[in-house]
Each structure stands twice: as structure tokens, then as C-alpha cells.
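**Student:** Just so you know, we're using this note's numbering here: the sequence shown kicks off at 921 and counts up by one. For glycine and all other residues, C-beta sits at the position ideal for the given N, C-alpha and C. Please read these numbers as outputs of a predicted model, since none were measured by experiment.
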Amino acid sequence: MKTPLMMIINPAAGKGGFKRSLPDALRLLSDTGYAVSLFFTECRGHATELATQYAGAFPYLLVLGGDGTLAEAIAGLMPLAERPKVGYIPIGTANDVARTIGLPKNDILAGAQHFIGGTPHEFDEGRRDGGYFNYVAAFGAFTEVSYATPQEAKKQLGEAAYLLGAVKRLSTLKSRHVTVEYDDGCIDGEFLYGSMSNSYSVAGLIDLPRDEIKLGDGLHELVLVKKLPNAAAMATLAAKVLSHDLSSEYIIIKHTKKARFIFDEPETWTFDGENGGAHSDICFENCPQAITLIY
């Protein structure tokens, strides 16, 4: 008897070219012993609805789409008492999750093979006011890139669209006063950027030190970038961040279970690369080993 497998597919992900190889991937999964049930997303948030409504009946869930689709699907699993093991075939632009756990990107057949041969790993989920986030919640510098870069440009240019978007915004970076409460204390100051993450890579641009991060340790990484004294320092830091170098006196990295961010006025956030609206007071909490990822 074949093993039931729920597969959530975002047909709009990436450049859409994966559709040509979808039949081959489905054939491979079937030949390996999976009975695949396909579910196609139709709008933003639909993956959450599908996962909540149907995933409880399956031992495995395989998500094909971008990081946002995966985040939606996992958010849909959180209310379930019994959650399926989750596989991921990344078809998108930033592909932060793929970079973090070493998945093949934008190759559905290779992704299916990786899922079949993968092993389960415990993965922390993030809880935020009003919902969940999969790998990063962030505000400030570079966080606009994912949702502000037009979708058509993303499809045509791929990761280049993210870099172009980041460069265009370097001249508009501004600091904001933030008070951050976390496990070991309180930080107050002027910051260009802040995030809570459970990932080695954020927005396809920022790489965190892999030797300091474990994805299932019950801790998120709190990252803050301080206000810089002048334009030259800003340009230098921007170049370091874009080259994945975070060794700077202006960058703070802490490991914490919880964090609360308090702003003088509402600040725009992104959750897993999607526009999360403006918040003046927002709390985050680690949900330890909430999800089992196969990779």
C-alpha cells in the first residue's frame, strides 16, 4: 500500500518553468511508493487554509513553491494536534530556506529526489502577534526588497532583482528608535535593521554565522544593526552585508526564546519576505521543534 502524500503547489512561484518537469517528479514519487494528492494555491494565504483543512489526514506534506508558500503551509499546520512531516521543493527567488538547509533550488526533479532520500530534522517555528513566521521577521534596511520588488521583475531577473532592489534603497535607509526586550535584558537605541530569525540566510542577502545557529535548539537569533555615524560608514557596512560579512561593531546578535520590539511610531515589518504591515509594539516567541522537516 502506498504512503499518502499531500502536495501543495504554488503555480505562480518563480519563473513557472518547473511545470514542464512536474509530471516526471510525480512519476518518481509514485514509483517510490507515494500516493500523491495535489492541491494548488489560488491566492495569498491559501496554503495555510489547505494545510489546516487537509494535512492532518496525511503523514507527509510536500510543498512546491517559494519561501512564502512554505511559511504559509507551516502556519497552517500549527493548529493541528498531529502534524505531518514536511518536505520542500524550493521554486522561487530568495530561497532562504533552501540556502539554510542545503536543498536544490528551482529544480523540481532534483527536489523530489532530495525529499525521497532525505532524513527528518526538528525545526523551530516562530510565533508572532496574530500568527506565525517560518524563518524571519524583520524591519528596516533591506527588508523591503522581497515584497517591494515587482513580481514580474522577480520572475525575469531572479536573484538579481533582489540585489537591484537593495542597491536602489541604500540611499533611503533611515534609523528608528527601538526598545527591544529579550531573554537576557533590554536594548535601547537607534537602529537601521532588526530581526528575529531561525535561518542562516535572510532575504538572499544577509548570511548569519552557521557555527552559532541551530535550527531546532529552541532559540531564535535577534539581529540589530545600529545607526551609523556617516554616509561612508553606511556604504562600508552595506558592502559588508552584501558580501555576507557581519563582523562589525554596529551589528548585535543575540540568541533568545522571546523578544518584544517597541517603536515610537508604527514600523513596517516583513514576515518570511512578505509585507507584514506596520506595528508599534510587537512580540515574538520561539516554538521549539514544532515542525519536522525532511532534507
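1. Taking I928 as the reference, which of C963, Y1113 and I1182 has the closest Cα?
2. Quick one: grab the DSSP three-state call for F960.
3. Return the chain-ordered ranges of every beta strand (DSSP E) run that is complete within the segment 972-1051 and spans a minimum of 3 residues.
4. For D1184, which of helix, strand or coil comes out of DSSP?
5. Quick test of your reading: F1035 and L982, contact by CB under 8 Å. State the CB separation rounded to the nearest angstrom.
6. Just checking, does the segment 945-959 make contact with the segment 987-1004 on the three C-beta pairs under 8 Å criterion?
7. Thinking just about the alpha-carbon of each residue, which of L1000, S1115, E1169 and E1002 is nearest to the one in R1048?
8. Do the CB positions of A1018 and L949 come within less than 8 Å of each other?
9. Just grab the DSSP bridge partners of R1096 for me.
10. Could you name the residues that DSSP lists as bridge partners for N1195?
11. Run through DSSP, which three-state label would A1061 get?
12. Taking C-alpha atoms, which residue in A967, L1093, D1127 and V1006 lies nearest to H1164?
13. CB-CB under 6 Å to E1223, same chain, minus the five flanking residues each way: which ones, in chain order?
**Tutor:** The short version:
1. Position 8 of the sequence shown, counted from the start, is the residue given in the question as residue 928. Comparing Cα positions, the closest option is C963.
2. Counting from one through the sequence shown, the residue named residue 960 turns up at place 40. DSSP places F960 in strand when its eight states are reduced to three.
3. Segments of the beta strand (DSSP E) lying fully in the segment 972-1051: 980-985, 1005-1010 and 1040-1048.
4. What you label residue 1184 is simply residue 264 of the sequence shown in a count that begins at 1. Strand, per DSSP.
5. Against the sequence shown, residue 1035 aligns to sequence position 115. Against the sequence shown, residue 982 aligns to sequence position 62. Yes, they are in contact, since the Cβ atoms of F1035 and L982 sit about 6 Å apart, within 8 Å.
6. no
7. In the sequence shown, residue 1048 corresponds to position 128, counting from 1. Of the listed residues, the one whose Cα sits closest to R1048 is S1115.
8. What you label residue 1018 is simply residue 98 of the sequence shown in a count that begins at 1. What you label residue 949 is simply residue 29 of the sequence shown in a count that begins at 1. At the C-beta level, A1018 and L949 stay beyond 8 Å of one another.
9. Within the sequence shown, the letter at position 176 stands for residue 1096. For R1096, which the question treats as bridged, DSSP gives the partners F1111.
10. In the sequence shown, counting from the first residue as 1, residue 1195 sits at position 275. DSSP output for N1195 lists T1190 as bridge partner(s).
11. For the purposes of this step, residue 1061 is identified with residue 141 of the sequence shown, where counting begins at 1. Coil, per DSSP.
12. The residue labelled residue 1164 in the question sits at position 244 within the sequence shown. If we check each option's Cα against that of H1164, D1127 comes out closest.
13. Here the chain comprises residues numbered 921 to 1215, so residue 1223 is not present and cannot be evaluated.
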